[in-house]
Structure formats: C-alpha cells, structure tokens
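One structure is given here, and the rest of the page talks about it.
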Amino acid sequence: MRGSATDSPSAPGHRHLRRAAVPLAAAALLLPLFGAAPAQSAPGSAPDRLQSAFAAASTEYHVPQSVLLAVSYLQSRWDSHGGAPSVSGGYGPMHLTDARTAIATTEHFADGTEDARGDDARPALVPRATVPADSALPARLKTLPRAAELTGIPAARLRTDPAANVSGGAALLAAAQRQLGEPLSADPADWYGAVARFSGADDTATAAAYANDVYDVLRSGERRTTDAGQRVSLIAEPALAPDTAQLARTGLRTAGDDGAECPKSVSCEWLPAAYAQFGDNDYGNHDLGDRPASQRIKYIVIHDTEGAWDGVLNLIQDPTYVSWNYTIRSTDGLIAQHVKAKDVAWHAGNWDVNARSIGIEHEGFLTDPDAWFTEAMYRSSARLVKYLSTRYGIPLDRQHVLGHDNVPGPTASSVPGMHTDPGPYWDWAHYFQLLGHPFKKTAGKRGGLVTIRPDYAANQPVYTGCETAGEPCAAHASSEVRLYSDHDVNAPLIKDIGLGKAPTADVNDLSSRVSTGQQYAVADRWGEWTAIWYLGQKAWFQNPSKHPAAVPAKGLVITPKDGLTSIPVYGRAYPEKAAYPAGVPVQSVVSLPYTIPAGQKYVVGDEMPGEYFYAVTFTPESHQVVQGKDLYYEIQYGHRVGFVRAADVTVENSAG
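So in numbering that gives the first Met the number 0, spot 626 of the sequence shown is number 625, and the numbers just go up one at a time.
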C-alpha cells in the first residue's frame, strides 16, 4: 500500500498525539496507551515515603523488601510519572498494567512524511498502516486488575497512589510464589521463579532474562532520587545466588531463537519481516544484501515504534510496509529480530544510512512524556547494541549510535519530512552508562569541544505540542538542551533554513536543540553561556559551572580549506559519477541547503568512501555496492549529522 505518512497513525517513527474517536479494540493493539489520570500527591517533606511503602508492603505480603525494590527498579527505576501510564499501559513504580484503561483515543500529527527507503532510484515509499483486527489483550497488559482483586485496593488508587501500587506489586509476587508451591521465604534467593512470572513473559527465555536482570540489580544495589523527589536505596547483595531451577516449574513455553542474531544475555525471537513480490513488479519490505562482506555496517539507529507491540508486529509482516531489524518490548525487554544484519531494512528515511546501518525500534511514543521506556527495555537494548558493536566494529558513541532524529535528509526536499524519534525524553546518558561508555570530560576547562551532558532529571526545558498543538507539554526530564541566537533566554531560537519555517519549542521541532552525547566545536563563551558552531551559525546555550549542560572534550574537527569562503554539506555520501558501472544509474551528488562558512569547525564522526548500494530488484543477482574514490567525513552539523567531502576540508585536532 502507498499513501501519505500523515495517513499512517501507527507507523514506527510517527509522532504527535491528539484525541479522536477510534475503535477500542483496535487501539488496544496499535495506538498509544496513555490517558489522563489524577496527579500524584507531592511527597513534600517526606522524601522517604516511598522507601517506607516498600517496607510496609514487604511486611504485609511477606515478600523480601529487596526483591520488591529490585523488581520496581527494573520496571520504572522507582519513578511514578505522576500517575500516567507507560507505553504498555503500566502504572506506578511497580508498572502494574491496565491497558484498557490506559488506552486513549488518539489522532496522530505525523512528525514527518519521509520516504522510509530514501532511495532516488525507486519511487517514494510512504505506506499506509492497516489497523489490525480485534484481539484479546495478553495477560502482561492487565496485571493491575489482578492486583486489585488480590489486595482489595480500588484500581483507580493502584494507578495513582505509589504506596498502593507497591502493595499491588507485592501481592502479585506473593501470589506467583504460592502458585509455584514455594514458601513466602525471607531469602531473596528463593524468589527467582516468582520474579520470572511477574515479568508477564509467556516463554522461559524472556522470563529468565528479566529475572536475571532483577538479580543483577539485587547484587549491584541502586540508589537514586525519583521523579517525585523520593530518595530510595537498595543495599547490594553481591554474593546472592538465586534458585534458577524454579524456572522449570513456571509452566512457561520454551521458545527457540530460530537463528536470531542476539547476545545470549537477552531473550530474542526470530519474527521475519515479509519479503514478497506483489503488484506491478513491486516487492517488499526490505532488500537482500551481503553485509558486512559487501559494505561495512557503520551505524545503529534508535527508533521508537509509535505503536503497541502486537500491532507493530503485524506491520512488520506486511510486505507492502517498511521494515527495521529489531523491535524491543517495553514490559520485559523481549527482542524480536525481523531482518538479518546482512540485509538492508527500510527504516531511516535515507538510503545511504539504511545501507550502512541496523535499525532498532523500541515500543514507545515520543510526544507523551510519560509513555516511558522501562528499565528492562533500556537494559535489553543496551545488551543488543553492545553485541552488534562487537560483532560489526561499530564504535559506541553518538556519531555511530544515532537517533532517528539524527539521520539527515538525503536531499533538500526531504529535510522537512524527516522523523524526530526517539525524541527529547529518551535518556541517552543512562543508555550509554548501560553500554559501558558514559559521557565524560575529556579535556581541560577551556577545551575546544564540548560533549552535551545535562543532568537528565533536572533538565526540563519547556516543549509544546505533546497533546495539543501549541500547548505546553507536561514538565519532564529531557536529554536535550535549547539553543539561542545570543547569550540570552529572550533571544530568538536558532533557525534551521532547511525546514523553511520559524523555530518553535514544539516537541518535534529540532531546529534549536542539541542532544546528550553529541559533540560540537566551541565558537565563543560569555559568562555562564557557551556558543557552538551549529547549522552554519553561532548557537548559544546556558552552561553554568555549578550545573553544566556540557563538559569539555577534545577530538578531530573539520574546517573549510584555506581559500574557500564556504563549503557544501551533504545528506548522503555517494560516489562520484565516474565510479558507476554500466547498468547502474548514476545517483546525483546534490548538497543540502546548508553550508559551512570559512573559520567554522565541526566535529568529525567518521571517514568513509562514497558508496551506493544498488538494489532495485526482488532477486539479488543485480545488487551491487558502487564505491568511489571520493572520501567523505561524517560531521555533527546540527541536531542531525551531515557529510562533507574530504577534498573540501582540513582536518585538525581541537584545542584541548
């Protein structure tokens, strides 16, 4: 099917939600799971109230407090999100799911109309999603009603009162322990099977991966202040060894990975994307390749689905739709692989990036701040990315682990339609800590570069348009920092000329924002403000010494060669005309509507040859990678990356 992306309300990568009427059953599978809820009462002068709630629930339901704390940490990192539900309809610190209540009737404002394939050699591909048929909600999406039955606490209170929510989670764990025929032991090691069942997984591999993560938290301990100002801590038990034999008594099915390309530390299933011919010499929904033998895999692209798990999996099995390599489930971190790494998925809206990347979708929604990504999802995703990094030699930095919102438009006309997920609420700092590559200071105080690194929890810039166009979004932690045209919060925002409109604070407007982990060359300083080179301009952000939004860094930068007043920026690194053999149409090397003026500097992410993967047929016999002699540098140009020709620039070390 073909159509406008604005007709594709649940397509992975589409954002911006408003209320509208849709069938309840369809929404349960495909549409965002969120809804209005009474605000949580502020803890005020009792910052230990939540810690006390865990202690009380432990006593009442005879579940070890450490087990409750570890399960809750993996579900929500102890946050309550003001009583709002997660992407999978989970409420409160125990992430009790009540999907039917959480379903909101919604209308999507697409954040872009990009051609997911992004290949000029073929017609644009912007398919229309089909809402799946009615289906019963799985048990993992309705644990809150069960908790209400067990505790006698009204469901509304379980959704909005963190202490009641903790009690509900304790009751579910105790019930699972009894069903396994296990005693309500005070020893955390005796609760492995119950924890596995609490995950909601229906197979042993996923349940075990979840339980193992919980016991990792128990062994390492955790301490943090929650989104509601609650101080919670879990004392480490490094020698804890759970009774993993309990897993065999859970009654869960045994699922095989069927050759899925995943690390052994996660639960992973092979659910192949559809690959079939249809219509008038058309096919989908990906291309067969031979990577990395034919072409290096350089990037991992992080997406969110903008749809619930079951509906999204229906889409990936539609040959007329688009594709991506992996999807990760919110509730328990289950990974489904759809496209082998050797093949090329249609996911990033830029054929050059598609051909050199692996795309990972995460069950979630950009514009609802509290459609939050679970700790189980973050950890599962990080393990997958570390595995892919090792297997394909992909550096673990923000120049190679990109958000979909960092992928450039391949041509000038495509720039306004590019997608903006996973958005400002994805916690890049936490994600890279899990990857084992935290963002650190790497230069002296006056270093020539900066790495963007605000305090995620404390950094809460105002965005608009999450539910209603122009209206403020709910206050929420963010990984992004706003840019101004001068060192003044009343100065105009930075304008992106490629978007063709005035900059705004809209949650999907990337014109004047930088993201955690991105690196930029310092252009100027003024008091507690720092200016960077960004989109060919000097862009300022607040960077107070006591609460810095960035840390000093060093590295390689490019600048236009002497004698050039400016140089072009490209959205793809394609070969020169002479490189194309007979039978392969020459792809135009056309610059974007951006330049780098003389004297400006931009951080180098990678050096690469100009390449083009020619693949326009169902069978792969004619597929080939065209490689040129021209070299390109990937640079951090604005919020998105860009490419410059090596022949146009000088590479130098930043001041450090």
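Ideal placement from N, C-alpha and C gives every residue a C-beta, glycine not left out.
Host alpha helix (DSSP H) of Asp351 (start-end): Taking the first residue of the sequence shown as position 1, residue 351 is located at position 352. For Asp351, the enclosing alpha helix (DSSP H) has its first and last residue at Trp350 to Ala354.
Is the distance from the Cβ of Leu68 to the Cβ of Phe53 below 9 Å? As a first step, residue 68 must be located in the sequence shown, where it is residue number 69. As a first step, residue 53 must be located in the sequence shown, where it is residue number 54. Taking 9 Å as the Cβ cut-off, Leu68 and Phe53 qualify as a contacting pair.
Would you identify the three-state DSSP class for Gly89, choosing helix, strand or coil? Residue mapping note: residue 89 aligns to position 90 of the sequence shown, counting from 1. Strand.
Are the beta-carbon atoms belonging to Asn353 and Arg116 less than 9 Å from one another? Taking the sequence shown and counting its residues from 1, the one referred to as residue 353 is at position 354. Taking the sequence shown and counting its residues from 1, the one referred to as residue 116 is at position 117. Taking 9 Å as the Cβ cut-off, Asn353 and Arg116 qualify as a contacting pair.
Please return the same chain residues whose Cβ sits closer than 6 Å to the Cβ of Ser587, not counting the five positions on each side in sequence. Translated into the one-based positions of the sequence shown, residue 587 becomes position 588. No residues qualify anywhere along the chain.
Would you check if there are 3 or more beta carbon pairs closer than 8 Å linking the segment 445–455 to the segment 484–502? Fewer than three Cβ pairs drawn from the segment 445–455 and the segment 484–502 lie within less than 8 Å of each other, which leaves the two stretches out of contact.
Arg512 to Pro608, Cα distance in whole Å? In the sequence shown, residue 512 corresponds to position 513, counting from 1. In the sequence shown, residue 608 corresponds to position 609, counting from 1. For Arg512 and Pro608, the gap between their C-alpha atoms comes out near 29 Å.
If we ignore side chains and look at the alpha-carbon of each, how far apart do Pro503 and Pro182 end up? As a position in the sequence shown, residue 503 is number 504, starting the count at 1. As a position in the sequence shown, residue 182 is number 183, starting the count at 1. Sequence check: residue 503 is Thr here, not Pro. Between the alpha carbons of Thr503 and Pro182 lies a gap of roughly 58 Å.
Can you tell which of Ala138, Thr159, Val556 and Pro543 has its C-alpha closest to the C-alpha of Tyr601? To locate residue 601, count along the sequence shown from 1; it is residue 602. Taking only the C-alpha atoms, the option nearest Tyr601 is Val556.
Cα separation between Trp528 and Leu143? The residue you call residue 528 lines up with position 529 of the sequence shown. The residue you call residue 143 lines up with position 144 of the sequence shown. Those two C-alpha atoms are separated by around 47 Å.
I'd like to check one pair, Trp539 with Ser484: are the Cβ atoms closer than 9 Å? The count along the sequence shown starts at 1 and reaches residue 484 at position 485. The count along the sequence shown starts at 1 and reaches residue 539 at position 540. Pairing Ser484 with Trp539 gives a Cβ-Cβ distance under 9 Å.
By how many angstroms is the C-alpha of Leu239 removed from the C-alpha of Asp118? Mapped onto the sequence shown, residue 118 falls at position 119. Mapped onto the sequence shown, residue 239 falls at position 240. In a straight line, the C-alpha of Asp118 is about 53 Å away from that of Leu239.
Find out if the Cβ-Cβ distance for the pair Leu387, Thr205 is shorter than 9 Å. Within the sequence shown, the letter at position 388 stands for residue 387. Within the sequence shown, the letter at position 206 stands for residue 205. The Cβ atoms of Leu387 and Thr205 lie no closer than 9 Å to each other.
List the residues that DSSP assigns as beta-bridge partners of Ala538. For the purposes of this step, residue 538 is taken as the residue at position 539 of the sequence shown. In the DSSP output, where bridge partners are listed per residue, Ala538 has Ile531.
What's the C-alpha gap between Ser293 and Gln623? What you label residue 293 is simply residue 294 of the sequence shown in a count that begins at 1. What you label residue 623 is simply residue 624 of the sequence shown in a count that begins at 1. The alpha-carbon separation between Ser293 and Gln623 amounts to approximately 8 Å.
Ordered along the chain, which non-local residues of its own chain (more than five positions away) have a Cβ less than 8 Å from that of Arg378? Along the sequence shown, one-based indexing puts residue 378 at 379. Around Arg378: Leu73, Asp212, Gly332 and Leu433.
For my contact list, Pro574 and Gly641 are in at a C-beta cut-off of 8 Å; report their separation, rounded to the angstrom. Reading the sequence shown from its first residue, position 575 is the one you call residue 574. Reading the sequence shown from its first residue, position 642 is the one you call residue 641. Cβ atoms of Pro574 and Gly641 stay farther apart than 8 Å, at about 18 Å.
Could you give the C-beta distance for Arg683 and Asp342, rounded to a whole number, given that I count them as a contact under 8 Å? Any answer about residue 683 is impossible in this case: the structure gives the chain only from 0 up to 655.
Give the C-beta separation of Ala244 and Ala169 to the nearest angstrom, bearing in mind that I take them to be a contact with Cβ-Cβ under 8 Å. Translated into the one-based positions of the sequence shown, residue 244 becomes position 245. Translated into the one-based positions of the sequence shown, residue 169 becomes position 170. Going by Cβ atoms, the distance from Ala244 to Ala169 rounds to 24 Å, so no, they are not a contact pair.
The beta strand (DSSP E) spanning Ile493 covers which residue range? The sequence position of residue 493 within the sequence shown is 494, counting from 1. Element bounds for Ile493: n/a, residue is neither H nor E.
According to DSSP, is His346 helix, strand or coil? What you label residue 346 is simply residue 347 of the sequence shown in a count that begins at 1. Reduced to three states, the DSSP call for His346 is coil.
Alpha carbon to alpha carbon, how far is Val194 from Leu172? Give it in angstroms, no decimals. Working through the sequence shown from its first residue, we reach residue 172 at position 173. Working through the sequence shown from its first residue, we reach residue 194 at position 195. A direct Cα-Cα distance of roughly 7 Å separates Leu172 from Val194.
DSSP on Val643, reduced to helix/strand/coil? What you label residue 643 is simply residue 644 of the sequence shown in a count that begins at 1. Three-state DSSP puts Val643 in a strand.
Leaving out five residues on either side along the sequence, give the residues of the same chain with a beta carbon under 6 Å from the beta carbon of Ser264. Mapped onto the sequence shown, residue 264 falls at position 265. Counting only Cβ-Cβ distances below 6 Å, and skipping sequence neighbours, we find Arg382.
Tell me whether Ser79 is buried or exposed, calling it buried when 16 or more other Cβ atoms sit within 10 Å of its Cβ. Taking the sequence shown and counting its residues from 1, one reaches residue 79 at position 80. Buried, since its Cβ has 16 or more Cβ neighbours within 10 Å.
Could you tell me whether the Cβ atoms of Tyr391 and Ala340 are closer together than 9 Å? Taking the sequence shown and counting its residues from 1, one reaches residue 391 at position 392. Taking the sequence shown and counting its residues from 1, one reaches residue 340 at position 341. Going by C-beta atoms, Tyr391 is nearer than 9 Å to Ala340.
What residues match up with His361 in a beta bridge as DSSP calls it? The count along the sequence shown starts at 1 and reaches residue 361 at position 362. His361 is bridged to Asp303 and Ile327.
Start-to-end residues for the alpha helix (DSSP H) that takes in Met376: Translated into positions along the sequence shown, residue 376 becomes position 377. Start and end: Glu374 to Tyr391.
Please state the DSSP three-state secondary structure of Ala549. What you label residue 549 is simply residue 550 of the sequence shown in a count that begins at 1. Strand, per DSSP.
Can you list, in chain order, the residues of its chain whose CB lies under 7 Å from that of Trp269, leaving out five sequence neighbours each side? Reading the sequence shown from its first residue, position 270 is the one you call residue 269. If we look at Trp269 and ignore the five residues flanking it on each side, its Cβ neighbours are Asp256, Asp257, Gly258, Ala259 and Gln336.
Under three-state DSSP, which class holds Gln316? What you label residue 316 is simply residue 317 of the sequence shown in a count that begins at 1. In the structure shown, Gln316 sits in coil (DSSP, three-state: anything other than H, G, I, E or B).
Tell me which residues share the same chain as Gly604 and place their Cβ nearer than 6 Å to its Cβ, disregarding the 5 neighbours each side in the sequence. Here residue 604 refers to the residue found at position 605 when the sequence shown is read from its first residue. Closer than 6 Å at the Cβ level, and outside the excluded window around Gly604, lie Gln398 and Glu633.
Counting along the chain, where does the beta strand (DSSP E) carrying Thr224 start and finish? Your numbering for residue 224 matches position 225 in the sequence shown. Element bounds for Thr224: Glu221 to Thr224.
Using only alpha-carbon positions, find the residue among Ser514, Pro592, Glu620 and Ala200 that is nearest to Cys267. Stepping through the sequence shown from its first residue, residue 267 is reached at position 268. Measuring from the Cα of Cys267, the nearest candidate turns out to be Ala200.
Straight-line CA distance for Lys141 to Ala83? Locating residue 141 in the sequence shown gives position 142, counting from the first residue. Locating residue 83 in the sequence shown gives position 84, counting from the first residue. Those two C-alpha atoms are separated by around 15 Å.
Ile152 burial status per 10 Å Cβ neighbour count (16 or more: buried): Sequence index remark: in the sequence shown, residue 152 carries index 153 (1-based). Looking at its Cβ environment, which holds 16 or more other Cβ atoms inside 10 Å, Ile152 is buried.
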